[in-house]
Amino acid sequence: MRSKLPDIPTSIFAKMSQLAAEQNAINLSQGFPDFPSSPELINLVTKAMKEGYNQYAPMPGLIELREAISQKIELLHQYYYHPDSEITVTCGATQAIYTILSSFIFSGDEVIVFAPAYDSYAPTILAQGGIVREIALKAPDYSIPWEEVQAVKNNKTKMIIINSPHNPTGTILSLGDMKKLEGFVEGTNILILSDEVYEHIIFDNEIHHSVSRFPSLASRSFVVGSFGKTFHNTGWKMGYCASPERLMHEFRKIHQFVVFSVNHPIQKALAEFLKKESNYLSVPQFYQQKRDTFLSLIKDSRFTFTPSKGTYFQLLNYAELTDLNDEKYAEHLTVDHKIASIPISVFYKPKKDLKLLRFCFAKKNDTLEKAADILRKL
Ligand code: PMP
Ligand code: GLN
1 MRSKLPDIPT
11 SIFAKMSQLA
21 AEQNAINLSQ
31 GFPDFPSSPE
41 LINLVTKAMK
51 EGYNQYAPMP
61 GLIELREAIS
71 QKIELLHQYY
81 YHPDSEITVT
91 CGATQAIYTI
101 LSSFIFSGDE
111 VIVFAPAYDS
121 YAPTILAQGG
131 IVREIALKAP
141 DYSIPWEEVQ
151 AVKNNKTKMI
161 IINSPHNPTG
171 TILSLGDMKK
181 LEGFVEGTNI
191 LILSDEVYEH
201 IIFDNEIHHS
211 VSRFPSLASR
221 SFVVGSFGKT
231 FHNTGWKMGY
241 CASPERLMHE
251 FRKIHQFVVF
261 SVNHPIQKAL
271 AEFLKKESNY
281 LSVPQFYQQK
291 RDTFLSLIKD
301 SRFTFTPSKG
311 TYFQLLNYAE
321 LTDLNDEKYA
331 EHLTVDHKIA
341 SIPISVFYKP
351 KKDLKLLRFC
361 FAKKNDTLEK
371 AADILRKL
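Counting in UniProt numbering, the sequence shown tops out at residue 378, every number present.
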């Protein structure tokens, strides 16, 4: 049988979470909170169900929710997306990403992707017959090597994918990066997929430089968001895409045949919940405390690290502990020490031996303490 993705294994997130469950290990691998979503939000979902929001939602999403998303973006970034024609509610960010790439990437089109990266980008590009132009971020700060980006640009370059705050490294793009990006796309038709799912998980009073803050970028960009990250309910798979109308028009042609529309009662609840700005403005502080708790608990371990600037992930370098490669070491830690993490090498093609593991700190303090007890003893 022919395969569309012959070289693509099962996602590392599925693999490590399954191993963690089998081994009864503390699961700091796949990124999801182990504490509940807001009871107020859950009540709003129940209320919406009781009020009858149980049939298909409108294809692009409930207008109240699209309006609330538009208002949030305008408040934070002073850029207006028209709720009617420039925002679509999606089944998580993953569906938004799939829909963008399947709407715009034709066979032979090149897409610039930075490694390490969220694992859905490359397979989705390949499934469209596109070509992945992978550029490794420059360690130790995982900055974008803009000269290399410039060097791979050619007349087949269709799109560039950026992700800030960045999974898995926990770095963020600077104002300087955004200016470089403006220069890079100027005078071209290159599109930008800006994966901003961790927009509200950013620390130390840093500013999230959304592409929507830069009119010359916004006019060619898709902004992708995820309520799962912001409101602690990754299992609801709710996200959105915002883009200029001419791009959104094409996006919706595919969206309507991928899912048609997404969970109606949850859209109603999110529309209501977003009205209270503190519900998202409090998220950075909440996660900064989690990061600081985790880092102070492991500061006397033999791992070395640079504190995450955003996302709910922390990279730990284990070069002082073993020569094992990261996949083997992640497996060993899960099976023999009962703590699961994500190896970073799998996010590069070909794999890179970096002695780095990613740990998710979106966990109850009690979980973080138990995890740190294990990590300190290694
Ligand atoms: N992009 C990045 C960078 C992510 O980390 C994730 C989730 N892990 C997604 C997209 C997908 O988000 P969702 O769960 O809303 O599909
Ligand atoms: N984005 C999450 C992570 O990085 C996982 C998403 C998934 O399981 N596909 O861990």
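Glycine is no exception: its CB is placed at the ideal position from the N, C-alpha and C atoms.
| Asked | Found |
| --- | --- |
| Given this structure, state the Cα-to-Cα distance separating residue 184 from residue 114, to the nearest angstrom. | 15 Å |
| Find the nearest neighbour of residue 194 within the set 166, 107, 206 and 134, judged by alpha-carbon distance. | 166 |
| Which first and last residues belong to the beta strand (DSSP E) in which residue 135 is found? | 131-136 |
| Considering only the beta carbon of each residue, do residue 280 and residue 229 sit closer than 7 Å? | no |
| Suppose the cutoff is 6 Å on Cβ atoms and the five residues either side in sequence are ignored; what does the same chain contact list for residue 137 look like? | 114 |
| According to DSSP, is residue 39 helix, strand or coil? | helix |
| Terminal residues of the continuous beta strand (DSSP E) containing residue 222? | 221-226 |
| Might you give, ordered along the chain, the residues of its own chain that have their beta carbon closer than 8 Å to the beta carbon of residue 82, omitting 5 neighbours on each side? | 70 and 245 |
| Taking only the alpha-carbon atoms, compute the straight-line gap between residue 283 and residue 34 and give it to the nearest angstrom. | 16 Å |
| Using CA coordinates, which residue listed in 315, 369, 267 and 310 is at the minimum distance from residue 236? | 267 |
| Put residue 238 into one of helix, strand or coil per three-state DSSP. | coil |
| If residue 203 and residue 309 are in contact, beta carbons under 8 Å, what's the gap, nearest whole angstrom? | 6 Å |
| Would residue 301 pass as a contact of residue 376 if the rule is Cβ separation under 7 Å? | yes |
| Looking at the ligand GLN, does it come within less than 6 Å of residue 30, judged from the CB to the closest heavy atom? | yes |
| Could you tell me whether the stretch 173-189 touches the stretch 125-139, where touching means 3 or more Cβ pairs closer than 8 Å? | no |
| Express the C-alpha separation of residue 298 and residue 111 in angstroms, rounding to a whole number. | 38 Å |
| In this structure, how does DSSP classify residue 314 when only helix, strand and coil are distinguished? | strand |
| Would a C-beta distance cut-off of 7 Å place residue 378 and residue 315 closer than the cut-off? | no |
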